[in-house]
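There are 2 protein chains.
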Amino acid sequence: MIDVVLCVPSCEGPIRKALEVTGVTPAVASSGRLAEVSALEPAGGFAGAVINAAGFPFTEAMNLCRQLRHRTTSVGPIILLVDHYQLDDLTFREDLFDDFVVGPFDVSELATRLRHRLRRAGNESVAARVEHGDLAMNLETYQATIAGRVMDLTYMEYELLRFLATNPQRVFTRETLLSRVWGYEYYGGARTVDVHVRRLRAKLGEEHAHLIQTVRSVGYRFGVPEREDGD
Amino acid sequence: MIDVVLCVPSCEGPIRKALEVTGVTPAVASSGRLAEVSALEPAGGFAGAVINAAGFPFTEAMNLCRQLRHRTTSVGPIILLVDHYQLDDLTFREDLFDDFVVGPFDVSELATRLRHRLRRAGNESVAARVEHGDLAMNLETYQATIAGRVMDLTYMEYELLRFLATNPQRVFTRETLLSRVWGYEYYGGARTVDVHVRRLRAKLGEEHAHLIQTVRSVGYRFGVPEREDGD
DNA sequence: GCGCGAGTTTCACACGGGGTTAACACAACG
DNA sequence: CGTTGTGTTAACCCCGTGTGAAACTCGCGC
Chain D
-16 MIDVVLCVPS CEGPIRKALE VTGVTPAVAS SGRLAEVSAL EPAGGFAGAV INAAGFPFTE
44 AMNLCRQLRH RTTSVGPIIL LVDHYQLDDL TFREDLFDDF VVGPFDVSEL ATRLRHRLRR
104 AGNESVAARV EHGDLAMNLE TYQATIAGRV MDLTYMEYEL LRFLATNPQR VFTRETLLSR
164 VWGYEYYGGA RTVDVHVRRL RAKLGEEHAH LIQTVRSVGY RFGVPEREDG D
Chain S
-16 MIDVVLCVPS CEGPIRKALE VTGVTPAVAS SGRLAEVSAL EPAGGFAGAV INAAGFPFTE
44 AMNLCRQLRH RTTSVGPIIL LVDHYQLDDL TFREDLFDDF VVGPFDVSEL ATRLRHRLRR
104 AGNESVAARV EHGDLAMNLE TYQATIAGRV MDLTYMEYEL LRFLATNPQR VFTRETLLSR
164 VWGYEYYGGA RTVDVHVRRL RAKLGEEHAH LIQTVRSVGY RFGVPEREDG D
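Residue numbers (my numbering), protein chains in the order written: chain D, -16 to 214; chain S, -16 to 214.
Put into structure tokens, the structure is as follows:
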């Protein structure tokens, strides 16, 4: 079986060479849109993805990563190509990709990383479940239960809850949530987040509504206040 | 809790800097022998390991990786530092390490990879924290605890305490606090600061209220009174 | 010791802004 | 066309915050 690796937005120079050395065939999606990606997809799914975030709007690249991760058919490891100045942007987005390479891109490093991740992908099983207290989310079936009761969440509600629940205790501003969950830069309605939080709280039910806490003048946080014994 | 990262065979220059930036403390095992490593190990095990295979016999480095992986107590992610010419040697050894960096080593890339792997390994505590005695503040969760008890601080209270706690022992005038914490030039009611200090003291509780001291006709200071013998 | 004044603590209250909520507009989908 | 999901708008409400004044404390001089 031939392994096909998705390349966005192009596959030239060192990238192409690295893929050749590794022995996988590229599938180039120049736009990076999900429709284009799906059209290119082979029967067994992609073996991996190489996304060049340098010379590509960064949030769009992140958005694509997110979409790839959320598809039903798995897409192997995602490797991000970034410029040095973009390193800081990677912080707290660790869940969106598996590895990265800093430009200028070296063929052998690229190839080594590709091989490394492809090999490891075979052994590791991705966490398909998120559990936190009474909340359980199955990422494969897209179902969420609270204290055993199935919640009927919409897509956005599910995504928001998943993001919050996978980063418990951390506070996120509305802007951050918009860019991380919705996937675009903020323009205007921060109330959007509020409303979705409200709907989530309603579906969580009276007794679990407090799982999403408001941190006034900051944002929202998932989880119960920690009792951390200092020392 | 403080995260300790094993460093072999040394921790200098960019490596030390990267560990500092990430907020973990190094434990240096110069020989790389298992006995030495075990002696350095903290109670909770290592949070991760950085092994410099450049300037180190390569097979020895691989041996150490293998030994670390086979121990009973887990040793977080293993990051290998290699020279460019060693890249080929990594092939078929993917299971022995989690990530690698190619020299010359860049601080921010190193730090980013370290954080990336630590976070993926489920390590929550690579967060910005302020700790001082019984007080602990987590800047990500916006939570503050005093002697293990969670304090329910409002936004302004949190900001004020954070500023004071990050500059312990120093005395600040009300004017300084207003301009540094509130962020605007002030003229009028300096009582604002007093009141917030009072509210903070109340939430700190009887026995910790003295953490914020009044310096009459000057301002306020955070920390325990210094035992000044001579002065 | 007593009284006085400057400085600090404490209290109560009013205002403003951030958060919640409901209702609506609109797009997607069958 | 109805249904369902999503984003926006606007009214409402409440909590956090700042302020002034009263009570209190400390330091100093008489």
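Note that beta-carbon positions come from the ideal geometry of N, C-alpha and C, so glycine has one too.
Small disclaimer: the values here were computed from a predicted structure and weren't measured.
ALA30(S) is a Cβ neighbour of VAL7(S), given a cutoff of 8 Å.
HIS115(S) is bridged by DSSP to LEU118(S). When 9 Å is used as the limit between beta carbons, ARG112(D) is near no residue of chain S, the shortest such separation being about 14 Å.
When secondary structure is reduced to three states using DSSP, LEU63(S) falls in the strand class. Going by DSSP, THR42(D) is part of no beta strand (DSSP E) but of the alpha helix (DSSP H) stretching over 41 to 53. Spatial neighbours of ARG182(D) in its own chain (CB-CB distance under 7 Å, excluding positions within 5 residues in sequence) are listed in chain order as GLU140. Counting every other CB atom within 10 Å of its CB across the protein chains shown gives PRO87(D) a total below 16, marking it as exposed. Under the Cβ distance rule, GLU77(D) counts among the residues neighbouring chain S, one pair being separated by less than 8 Å. Neighbourhood of VAL154(D) in chain S, by CB distance below 8 Å: GLU123, THR124 and TYR125, in chain order. Within 10 angstroms of the beta-carbon of GLN152(S) lie fewer than 16 other beta-carbons, which makes it exposed. The three-state secondary structure of THR159(D), taken from DSSP, is helix. Residue state for PRO9(S) is assigned as strand, using DSSP reduced to three classes. Taking 8 Å as the upper bound for CB-CB distance, LEU51(S) and ALA32(S) are in contact here, some 6 Å apart.
Neighbours of GLU92(D) across chain S, judged by C-beta separation under 8 Å: HIS67, LEU70 and VAL85. Shown here, ARG199(D) sits in coil according to DSSP, grouped into three states, outside any helix or strand. Straight through space, the alpha carbons of GLY15(S) and VAL207(S) are spaced by roughly 41 Å. Pairing ARG102(D) with GLU(-5)(S) gives a Cβ-Cβ distance that is not under 8 Å. CA-to-CA, the gap between VAL180(S) and LEU47(S) works out to about 53 Å. Going by DSSP, PHE83(D) is part of the beta strand (DSSP E) stretching over 82 to 85. Contact annotation: ALA104(S) and LEU122(S) have beta-carbon atoms that are not nearer than 8 Å. Residue-level contact by beta carbon holds for ARG102(S) and chain D, with a gap shorter than 8 Å. Among the residues of chain D, none has a CB under 7 Å from the CB of LEU2(S); the nearest is roughly 16 Å distant. Looking at the backbone, the Cα of LEU70(S) and that of ALA148(D) are separated by about 38 Å.
Residue pairing for ILE34(D): DSSP places it in a beta bridge opposite VAL(-9)(D) and LEU63(D). In summary, GLU92(D) is buried, with 16 or more beta-carbon neighbours lying within 10 Å of its beta-carbon over all protein chains present.
The criterion of a C-beta distance shorter than 8 Å is satisfied by MET120(D) and ARG145(D). Proximity of LEU73(D) to chain S, defined by a Cβ-Cβ separation below 8 Å, is satisfied. Rounded to whole angstroms, the gap between the alpha carbons of PHE75(S) and THR137(S) is 54 Å. THR149(D): member of the alpha helix (DSSP H) spanning 138 to 149, first to last residue. When 7 Å is used as the limit between beta carbons, HIS115(D) is near no residue of chain S, the shortest such separation being about 12 Å.
Taking C-beta separations shorter than 7 Å and ignoring five residues to either side along the sequence, the partners of VAL201(S) in its chain run VAL154 and THR156, following chain order.
CA-to-CA, the gap between THR159(D) and VAL176(D) works out to about 10 Å.
Nearest C-alpha to VAL20(D) among ALA36(D), VAL58(D) and MET45(D): VAL58(D).
Separation of ARG132(S) and VAL178(S) (C-alpha to C-alpha, rounded to the nearest whole angstrom) is 23 Å. TYR125(S) sits close to VAL198(D), with the two beta carbons spaced by under 8 Å. Taking the CA atoms as reference points, LEU194(S) sits about 10 Å from HIS115(S).
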